[in-house]
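This report concerns only the one structure given below.
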Amino acid sequence: MRFIPLGPSLREEWDKIVYNSDDAWMFHLYDWITLIERIPEWNLAPENFLVEHEGKIVAIFPLQMRSHTKELLSTGMGPAGHAIRNDVKHKDRENILKETYEYIKNIAYKKKASKISIFIPPLNETSLNNHRGVNPLVNYFYLDVSTHTWIIDLSKTKTELYDNISRNARREIKEAIDKGYRVREINSREEIDIYYNIHCHTYERTGVMPHPKAYFLGIYDYFILNGRTKGFVAIDKNNEPIGFTNIAIFKEKAVYFTTCCEDEHFKNGVYYLLLWNAIEYAKDNGLKWFDCAEAFPNVKEGKLKGLNDFKSKFGGELHRFYKGDMIFVPDDKLENKPEEWEALKEWVKYTKLLIKRISVKRMLR
11 MRFIPLGPSL REEWDKIVYN SDDAWMFHLY DWITLIERIP EWNLAPENFL VEHEGKIVAI
71 FPLQMRSHTK ELLSTGMGPA GHAIRNDVKH KDRENILKET YEYIKNIAYK KKASKISIFI
131 PPLNETSLNN HRGVNPLVNY FYLDVSTHTW IIDLSKTKTE LYDNISRNAR REIKEAIDKG
191 YRVREINSRE EIDIYYNIHC HTYERTGVMP HPKAYFLGIY DYFILNGRTK GFVAIDKNNE
251 PIGFTNIAIF KEKAVYFTTC CEDEHFKNGV YYLLLWNAIE YAKDNGLKWF DCAEAFPNVK
311 EGKLKGLNDF KSKFGGELHR FYKGDMIFVP DDKLENKPEE WEALKEWVKY TKLLIKRISV
371 KRMLR
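The numbering used here numbers the first residue of the sequence shown as 11 and each following residue consecutively.
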């Protein structure tokens, strides 16, 4: 088995895997990976690689190191993780995954990484068909730090989808319409300037650092223009843009991506109108699933509770958002605290035993 660093000449080979793997989704694409690596504020150094097995490219792995924190990430923005061709046999798949994750661990040692964090797309076919809810990363000794996400099944009729929205959300949508707000598609790159200004105002209001402008311009240039992302703008009764959202679209599925709204308008149901419009668009264009993005059902207060309450009102069901961490304890810390090292070794030992027992039980079924 050979691991080949990703370079521009391998772009076509890379994206072939993306389109021919149930593990892959939009954030695996070459355009996405290189877009986020070009944003200097994010300090993402490429460690992406392809996997060759028996003379054939069979898998890819988007991987980046955040320079200032020494974290290995898949990816620095957007969930990705391993992606293996669908025609690879199950036995070979397991061997490829085992060696791939061992190779990533070796990269971490070489780069003196503080940790590895893998995020797997909830909208890839592998996750949607994972009915037992077992995080695949535990097989490679990652800590299960999975969260959840709200996903809507778009096989329902539009009437059924609207009826599944909470009464409060329907009231907010009606209020926005009654006050003269409407939604149209973003139709020019110049509108990204307005989008970004409102994004900054929104993040300042909520106490979060805004994303770099290059991120939004990149989304427009490489994703809105080719249809992988659809952007929408909410306008008021004076035809002035006051809010934006966009959804990422890939393999008949969509995810609620970024959104913002001016301070004096967000309380008038604009966010509800924007999200419902995006869901309608997805339904009208034959998509099968709509991910309202990460859920926080156990949070009791603060911004995350507000986000979760909002997303939960649109009729989605909770799905697991598989994530895994492998944390590396610096040598100086281990020398000063040997009991932590012993505890870590014990955890690895018993995790291996548990996985072996699970594997034996499966073989005996």
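Quick reminder that beta carbons are idealized off the backbone N, C-alpha and C, glycines included.
By the neighbour-count definition (other C-beta atoms within 10 Å, threshold 16), L283 is a buried residue. In this structure L133 touches W299 by the C-beta definition: roughly 6 angstroms separates them, less than 8 angstroms. It is roughly 12 angstroms from the alpha-carbon of P220 to the alpha-carbon of T269.
Distances from the CA of I229 to each of I183, D203, T216 were compared; the closest alpha carbon is that of D203. Of all C-beta pairs linking the region 178-188 to the region 196-213, fewer than three are shorter than 8 angstroms, placing the two stretches out of contact. Residue state for I208 is assigned as helix, using DSSP reduced to three classes. For F260, the uninterrupted beta strand (DSSP E) segment begins and ends at 251-260. Exclusion of the five residues before and after E81 leaves M75, A123, S124, K125, I126, S127 as the residues of its chain whose Cβ lies within less than 8 angstroms of its Cβ. In the three-state scheme derived from DSSP, where H, G and I count as helix and E and B as strand, P18 is classed as helix. Leaving aside the five residues that flank Y40 on each side, the residues in its chain whose CB is nearer than 7 angstroms to its CB run, in chain order, R21, W24, D25. Per DSSP, reduced to three states, the secondary structure at L164 is coil, with no helix or strand assignment. By the 16-neighbour rule on beta-carbons within 10 angstroms, N145 is buried. By the criterion of a C-beta distance shorter than 6 angstroms, E201 is surrounded by no residue of its chain, once the five residues flanking it on both sides are discounted.
With respect to the 8 angstroms criterion, I130 and Y332 are classified as neighbours on the basis of their beta carbons. In the structure shown, K66 adopts extended strand secondary structure according to DSSP, grouped into three states. Looking at the DSSP output, M75 shares a beta bridge with A55, L82. Per DSSP, reduced to three states, the secondary structure at R12 is strand. In the structure shown, the three-state DSSP call for A123 is coil.
Residue ranges of uninterrupted alpha helix (DSSP H) with 4 or more members, entirely inside the region 268-300 and ordered along the chain, are 280-294.
Ranking L83, V68, A224 by CA distance to the CA of L107 puts V68 first. The secondary-structure analysis by DSSP pairs I245 across a beta bridge with R192, P251.
The beta carbon of A90 sits closer than 6 angstroms to those of F37, H38, P72, S84, all from its chain and outside the five residues before and after it, given in chain order. In terms of Cβ geometry, G326 and W160 form a close pair [threshold 8 angstroms]. Per the DSSP secondary-structure output, R330 pairs in a beta bridge with H158. The Cβ atoms of A264 and L235 lie no closer than 8 angstroms to each other.
Here D33 is not near H100, since their CB atoms are 8 angstroms or more apart.
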